[in-house]
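What follows is a short report on a single structure.
Numbering (the numbering used here), first residue to last: -18 to 432.
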């Protein structure tokens, strides 16, 4: 049913709204000035422009050091910030309120629309060169663009894949499933014969994973057509996904718990989980977290609903935005372009440890492939698989402008559903009900599709 209407278009709202905080959950008085200059961007007497950069990404210091060694007209001052909504994002929001946000900030895809709506990040549509656009996987740039206005440059985009325990598959005579029906059949077989093991885990804190499954099925939780934020968190594809995973919960085919809990680490570490459904980045994370499982894992394509029309959602990925406070946006964007597209930048980032990020700049795939130690995955060329899967990523996915609040409601309801109170379908409906008041409070034009 229609929500509050406004004559402002989505982009007019983005550029005209006062700063209200990039995350609806943000509160407190955390100072944003520690370790950074009071105003972004300074010019030295030698003609060098100094810009500031905040990021929680591992390897960022190495990237900055490499840039500063090879560029004399721009100097980057870097500050490592905490990850998460109450860490770096809160710090960025508070800094923007005070008018001293960094020139460049790292923002994950789901959080970008909120910072755009709040006026924290700059519209860089006219600043991005055709050369840079041509280097980026279109689906990645599409997730940073609203009504043809672009607000950040993607570093990586992470196709969802299936990580599986090959040693356990071999022990029980299992084959990697290629369809979701086969995955369900395998889950029941694991339940019967796997000695207390499960096919996987339904993550109660996994809004982004659930979103990836829904996107693969054809869901569009948000869109910005006709100058409004159109919300449909329980559309037909999402209901299909919710019903599918509800059966897994009802039949005790999966563990149901947070993916950040110690219990989950124990389930993976003790060989109780046969598959992990997550982004390409998780291959490197697995190597770092569990070196003792070297050789046990392989990676396969995510099961499909309709194999002759393959589709895929994304799970993870980061972008770089130029803030409204930046005094030197051109220098900031030059640094961003180098960081996302130059081979030396990726080599510097990878020097900080094992990583399996899938670059949005496809020319860098070979750099990632060359740097990755294949022995953990039994010699498998996982980048060849990632490259094949990345082209299946569906177009048109848009995150909402208050995903932190949406995720909080959804994940709380997931946890209750896992404990037998409510269902996954009621959870996504509750998330929609919890999302609309925030959007209306921003003065955004909205529509809501009841399902």
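Beta carbons: idealized from backbone N, C-alpha and C, even for Gly.
So, do the region 282 to 298 and the region 146 to 162 have three or more beta carbon pairs nearer to each other than 8 angstroms? Touching, yes, given that three or more Cβ pairs across the two stretches are closer than 8 angstroms.
For the 8 angstroms Cβ check, are there 3 or more pairs between the region 410 to 422 and the region 368 to 388? A contact between stretches requires three or more CB pairs, one per stretch, nearer than 8 angstroms, and the region 410 to 422 meets this requirement with the region 368 to 388.
Are the beta-carbon atoms belonging to residue 102 and residue 132 less than 8 angstroms from one another? What you label residue 102 is simply residue 121 of the chain shown in a count that begins at 1. What you label residue 132 is simply residue 151 of the chain shown in a count that begins at 1. If you check the CB distance, residue 102 and residue 132 come in under 8 angstroms.
Given that a residue counts as buried once 16 or more other Cβ atoms are within 10 Å of its Cβ, and exposed if not, what is residue 426? In the chain shown, counting from the first residue as 1, residue 426 sits at position 445. Residue 426 is buried by the Cβ-count criterion.
Quick test of the definition: if touching needs 3 or more C-beta pairs under 8 angstroms, does the region 195 to 209 touch the region 253 to 261? Flag = no, the region 195 to 209 and the region 253 to 261 do not touch.
Whole angstroms is fine: what's the gap from residue 414's alpha carbon to residue 94's? Working through the chain shown from its first residue, we reach residue 414 at position 433. Working through the chain shown from its first residue, we reach residue 94 at position 113. Near 19 angstroms, if we compare the C-alpha coordinates of residue 94 and residue 414.
For the region 292 to 311 against the region 125 to 142, do three or more pairs of beta-carbon atoms, one drawn from each stretch, fall closer than 8 angstroms, so that the two count as touching? Touching, yes, given that three or more Cβ pairs across the two stretches are closer than 8 angstroms.
Buried or exposed: which applies to residue 99, given that a residue is buried once 16 or more other Cβ atoms fall within 10 Å of its Cβ? Along the chain shown, read from residue 1 onward, the residue named residue 99 stands at position 118. Under this definition residue 99 is a buried residue.
Under the rule that 16 or more other beta-carbon atoms within 10 Å means buried, what is residue 54, buried or exposed? As a first step, residue 54 is located in the chain shown; it is residue number 73 there, counting from the start. Residue 54 should be labelled exposed.
Buried or exposed for residue 412, please, with buried defined as at least 16 other CB atoms from any protein chain shown within 10 angstroms of its CB. For the purposes of this step, residue 412 is taken as residue 431 along the chain shown, with counting starting at 1. So residue 412 ends up on the buried side.
Residue 80 - DSSP class collapsed to helix/strand/coil: Start at 1 with the first residue of the chain shown, and residue 80 comes out as number 99. Correct three-state label for residue 80: coil.
Would the beta-carbon of residue 326 fall within 8 angstroms of that of residue 96? Looking up residue 326 in the chain shown gives position 345. Looking up residue 96 in the chain shown gives position 115. In this structure, residue 96 does not lie closer than 8 angstroms to residue 326 by Cβ.
What residue does the alpha helix (DSSP H) around residue 218 start on, and which one ends it? As a position in the chain shown, residue 218 is number 237, starting the count at 1. Looking at the DSSP string, the run of the alpha helix (DSSP H) that includes residue 218 is 217 to 231.
Specify whether the region 310 to 325 and the region 388 to 399 touch according to this definition: at least 3 beta carbon pairs, one from each stretch, less than 8 angstroms apart. Judged by Cβ distances under 8 angstroms, the region 310 to 325 makes no contact with the region 388 to 399, as fewer than three pairs qualify.
Range covered by the alpha helix (DSSP H) that runs through residue 374: Against the chain shown, residue 374 aligns to sequence position 393. Boundaries cannot be given for residue 374, as no alpha helix (DSSP H) includes it and DSSP labels it neither H nor E.
Residue 354 and residue 335 - do their beta-carbons sit closer together than 8 angstroms? Position 354 of the chain shown holds residue 335. Position 373 of the chain shown holds residue 354. Here residue 335 is near residue 354, since their CB atoms are less than 8 angstroms apart.
If we call anything under 8 angstroms between Cβ atoms a contact, is residue 279 one with residue 147? Reading the chain shown from its first residue, position 298 is the one you call residue 279. Reading the chain shown from its first residue, position 166 is the one you call residue 147. Yes, they are a contact pair.
Any contact of the region 180 to 197 with the region 237 to 253, i.e. 3+ C-beta pairs under 8 angstroms? Contact between the region 180 to 197 and the region 237 to 253 is present, with at least three C-beta pairs closer than 8 angstroms.
Any chance you could list the beta strand (DSSP E) runs of at least 3 consecutive residues sitting entirely within the region 291 to 372, in chain order? Segments of the beta strand (DSSP E) lying fully in the region 291 to 372: 299 to 303.
At which residue ranges does the region 110 to 189 contain complete beta strand (DSSP E) runs of 3 or more residues, listed in the order of the chain? Whole beta strand (DSSP E) segments, 3+ residues: 141 to 146 and 182 to 184.
Cβ distance (whole Å) where residue 174 is taken to contact residue 153 below 8 angstroms: Numbered from its first residue, the chain shown carries residue 174 at position 193. Numbered from its first residue, the chain shown carries residue 153 at position 172. The pair is a contact, with the Cβ atoms about 6 angstroms apart (cut-off 8 angstroms).
What residue does the beta strand (DSSP E) around residue 94 start on, and which one ends it? Taking the chain shown and counting its residues from 1, the one referred to as residue 94 is at position 113. Going by DSSP, residue 94 is part of no beta strand (DSSP E) but of the alpha helix (DSSP H) stretching over 93 to 98.
Check each candidate in 310, 235 and 66 and name the one with the smallest Cα separation from residue 170. In the chain shown, the residue the question calls residue 170 occupies position 189. The option with the nearest alpha carbon to residue 170 is 235.
Please report the Cβ distance between residue 218 and residue 198, rounded to the nearest whole angstrom; I am assuming they are in contact, meaning their Cβ atoms lie under 8 angstroms. Here the question's residue 218 lines up with position 237 in the chain shown. Here the question's residue 198 lines up with position 217 in the chain shown. The beta carbons of residue 218 and residue 198 sit about 4 angstroms from each other, so the pair counts as a contact at 8 angstroms.
What residue from 52, 36, 49 and 85 has the CA that sits closest to residue 63's CA? Taking the first residue of the chain shown as 1, we reach residue 63 at position 82. Here the closest residue by C-alpha is 36.
Residue 260 in three-state terms, based on DSSP: Position 279 of the chain shown holds residue 260. In the displayed model, residue 260 falls within a strand according to three-state DSSP.
Pair within 8 angstroms by beta-carbon distance, residue 339 and residue 104: Residue mapping note: residue 339 aligns to position 358 of the chain shown, counting from 1. Residue mapping note: residue 104 aligns to position 123 of the chain shown, counting from 1. No; because the gap between Cβ atoms is not below 8 angstroms, this pair is not in contact.
Which residues bound the beta strand (DSSP E) around residue 36? In the chain shown, the residue the question calls residue 36 occupies position 55. Element bounds for residue 36: 30 to 36.
Need the endpoints of the beta strand (DSSP E) that residue 279 sits in, please. The residue given as residue 279 occupies position 298 in the chain shown. Start and end: 278 to 282.
Please list, in chain order, all residues of the same chain as residue 298 whose beta carbon is under 6 angstroms from its beta carbon, the five residues on each side excluded. For the purposes of this step, residue 298 is taken as the residue at position 317 of the chain shown. Cβ within range, chain order: 90, 137, 138 and 139.
Proximity to residue 39 [Cα-Cα], best of 388, 269 and 370: On the chain shown, residue 39 is found 58 positions in, with the first residue counted as 1. Here the closest residue by C-alpha is 269.
Using the three-state DSSP reduction, which class does residue 269 fall into: helix, strand or coil? Locating residue 269 in the chain shown gives position 288, counting from the first residue. In the structure shown, residue 269 falls within a helical segment according to DSSP collapsed to helix, strand and coil.
So for residue 17, helix, strand or coil by DSSP? Sequence index remark: in the chain shown, residue 17 carries index 36 (1-based). Per-residue confidence for residue 17 stands at a pLDDT of 37, beneath the threshold of 50, marking its modelled position as unreliable; the derived number appears in the next sentence. The answer is coil: DSSP assigns residue 17 none of H, G, I, E or B.
For a test of the three-state rule: what should DSSP assign to residue 101, helix, strand or coil? Residue 101 sits at position 120 when you count from the first residue of the chain shown. Residue 101: coil per DSSP, three-state reduction.
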